[in-house]
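Numbers given in this note's numbering equal positions in the sequence shown, counted from 1, plus 3. Encoded as structure tokens, the structure appears first; notes follow it.
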Amino acid sequence: MKTASALAVLDAPVGADVDPDELVRAAMQWHFSPETGTPFWLRRQGTLGFDPRTDVRTTADLHLFPQVVDDLRHTPVEDLLPRGYGGAAEVIGVFESGGTTGAPKRVLYLSDWMEREMAGAMRAMDERGYPRAVNWLSLGPSGPHDYAELTAQHARRRGGFRFAVDFDPRWVRRCLREGRDDEADRYLDHVLAQAADVLRSQRVGALQAPPPLLERLARDERLVDLVRDQVEVITWCGTSMDRDTRDLLRGEVFPGTPLFGLYGSTMALGAAFERATTEDGDSVFDSPSPHVTYAVVDPVSGEPAAVGERGQVVMHHLSRSALLPNNRERDMARRVSAPPAAAGHSVADVRPLEAFTGVPVIVGAY
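Shown next, in the form of structure tokens:
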């Protein structure tokens with residue numbers, strides 16, 4: 004087992020200058036050592052065809068891992084808890100993927116990772132001028148999804164209350180898959196009616212919602228007026244937003260109200276805020292490195308795409324609480340130049356694949 008000092012990089016403060024390759028090596032030692040390792044990975048160690056503790060030395064080596072997140076559809080969540088916590092880990096919750104491509108996958112969110120994730124989020128919000136001491140209205144899924152917990156953390160840590168309007172994206176997808184579009188429309192109207200009640204009766208300074216709900220809200224002049232009157236910032240997340248829609252919302256529907264995207268994945272246990280300044284008019288997202296990184300790759304060969312080329316998004320998560328490397332997402336994106344010294348690729352013009360792992364992708368409203 005490596006010494007504590009060798010593993011200290013896993014606990015480096017947010018914003019610290021961390022060598023990404025050193026982080027990779029520390030994560031391999033932590034998750035694959037018998038004393039500290041994660042049962043999920045220890046059981047697979049002999050089937051990988053390589054020894055992660057000796058063969059995975061750099062971020063480039065993470066491509067050696069097979070895609071294993073599909074196994075999270077049926078893995079007992081206890082097997083995702085590293086032994087190194089000694090039974091003392093504080094679990095924030097068990098969260099599930101959206102189920103877009105089949106049965107949902109499950110992950111654990113530990114308190115130490117939540118603190119790191121929220122420290123990064125608060126710093127990003129400060130850099131983008133998000134207000135403090137205002138209330139938030141979030142339109143999105145609760146239940147098994149991490150959305151509700153994360154948006155509640157956002158509001159609370161910035162000194163406000165959170166009003167939540169829940170909707171079930173799985174139900175919307177089922178309606179669309181079965182050709183019941185009218186029923187999906189009525190359901191979204193039901194969600195927005197609840198949002199209108201909050202906006203009419205409460206003080207709301209921040210709004211967070213997926214693009215399809217924002218687009219639907221924009222059709223209702225009364226709702227638009229309620230948002231214009233009090234909301235100081237809008238965050239869109241969950242699905243992609245094309246340039247035309249973003250420009251319309253920013254320039255005509257909500258002029259003067261900052262609008263930022265938030266892109267991430269439950270399977271990466273993290274998300275990145277849209278750059279404060281855009282490149283060629285597109286929303287650009289930088290990897291929230293070093294613990295979570297993105298790569299844009301050729302969907303057939305797996306080779307990294309060149310800057311300016313499109314490819315499939317791959318995400319890596321490396322932390323004390325979880326190891327989720329080489330996870331191919333359901334998204335395609337264009338690779339753009341990353342900030343100097345940043346780990347991972349930066350992505351723009353993110354769009355869902357039409358099919359993923361042989362299953363048609365039905366995004367719905369989230």
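Glycine included, each C-beta is placed from N, C-alpha and C at the ideal position.
- Secondary structure of PRO42 (DSSP, three-state): helix.
- Restricting attention to PRO107, ASP232, ASP223, ALA136, the CA atom closest to the CA of ASP192 is found in ASP223.
- Under the DSSP assignment, HIS157 falls in the alpha helix (DSSP H) whose first and last residues are 149-160.
- The beta carbon of GLU93 sits closer than 7 Å to those of LEU113, SER114, all from its chain and outside the five residues before and after it, given in chain order.
- Of the candidates ALA325, ARG253, PHE53, PHE170, the residue whose Cα lies closest to the Cα of ALA271 is ALA325.
- Between PRO302 and GLY314, the gap from beta carbon to beta carbon is short of 8 Å.
- Contact annotation, SER145 with ALA151: C-beta distance approximately 4 Å; criterion of less than 8 Å satisfied.
- The beta-carbon separation of GLY163 and GLY208, rounded to 7 Å, stays under the 8 Å limit for a contact.
- With a 10 Å radius around the Cβ and a threshold of 16 neighbouring Cβ atoms, ASP58 comes out exposed.
- Out of ASP24, ASP20, GLY18, the CA that lies nearest to the CA of LEU321 is found in ASP24.
- Assigned with DSSP and collapsed to three states, PHE170 falls in coil, not helix or strand.
- Across the structure, MET128 and GLU181 are spaced so that their CA atoms are roughly 39 Å apart.
- DSSP places PHE98 inside the beta strand (DSSP E), whose first and last residues are 94-99.
- Burial is judged here by how many other beta carbons sit within 10 angstroms of a residue's own beta carbon; HIS157 has at least 16 and is buried.
- Between HIS66 and GLY284, the C-beta spacing is not below 8 Å.
- Bridge partners of MET335 according to DSSP: GLN315, ARG354.
- Across the structure, PHE68 and ASN330 are spaced so that their CA atoms are roughly 9 Å apart.
- In this structure, ALA221 is the residue among TYR266, ALA221, GLY273 with its C-alpha nearest to the C-alpha of GLY254.
- Residue state for ARG165 is assigned as strand, using DSSP reduced to three classes.
- Per DSSP, PHE68 lies in no beta strand (DSSP E) segment and is marked neither H nor E.
- For LEU13, no alpha helix (DSSP H) run applies, since DSSP gives it neither H nor E.
- Straight through space, the alpha carbons of VAL17 and ALA344 are spaced by roughly 15 Å.
- Here DSSP, grouped into helix, strand and coil, assigns SER204 to helix.
- By the Cβ neighbour-count rule, ASP334 is buried, with 16 or more other Cβ atoms within 10 Å of its own.
- Counting along the chain, no beta strand (DSSP E) covers ASP20, and no H or E run does either.
- In chain order, GLN211, PHE263, LEU265 place their CB closer than 6 Å to the CB of THR238, counting only its own chain and leaving out the 5 sequence neighbours on each side.
- A residue is called buried when at least 16 other Cβ atoms come within 10 angstroms of its Cβ; GLN32 meets this threshold and is buried.
- Inside the region 110-149, DSSP marks whole alpha helix (DSSP H) runs of 4 or more residues at positions 114-130, from first to last along the chain.
- DSSP, read as helix, strand or coil, puts PHE276 in strand.
- In summary, SER204 is exposed, with fewer than 16 beta-carbon neighbours lying within 10 Å of its beta-carbon over all protein chains present.
- The secondary-structure analysis by DSSP pairs GLN211 across a beta bridge with SER141, THR238.
- Apart from the 5 residues on each side of it in sequence, VAL27 sits with its Cβ closer than 8 Å to the Cβ of VAL59, ARG60, THR61, THR62, ASP64, LEU65, LEU321 in its chain, given in chain order.
- For ASP82 against PRO42, the beta-carbon gap comes to about 4 Å, under 8 Å, which counts as contact.
- Around the beta carbon of PHE276, a 10 Å sphere encloses 16 or more other beta carbons of the protein chains shown; the residue is thus reported as buried.
- If you check the CB distance, VAL350 and PHE288 come in under 8 Å.
- In the structure shown, ALA298 adopts extended strand secondary structure according to DSSP, grouped into three states.
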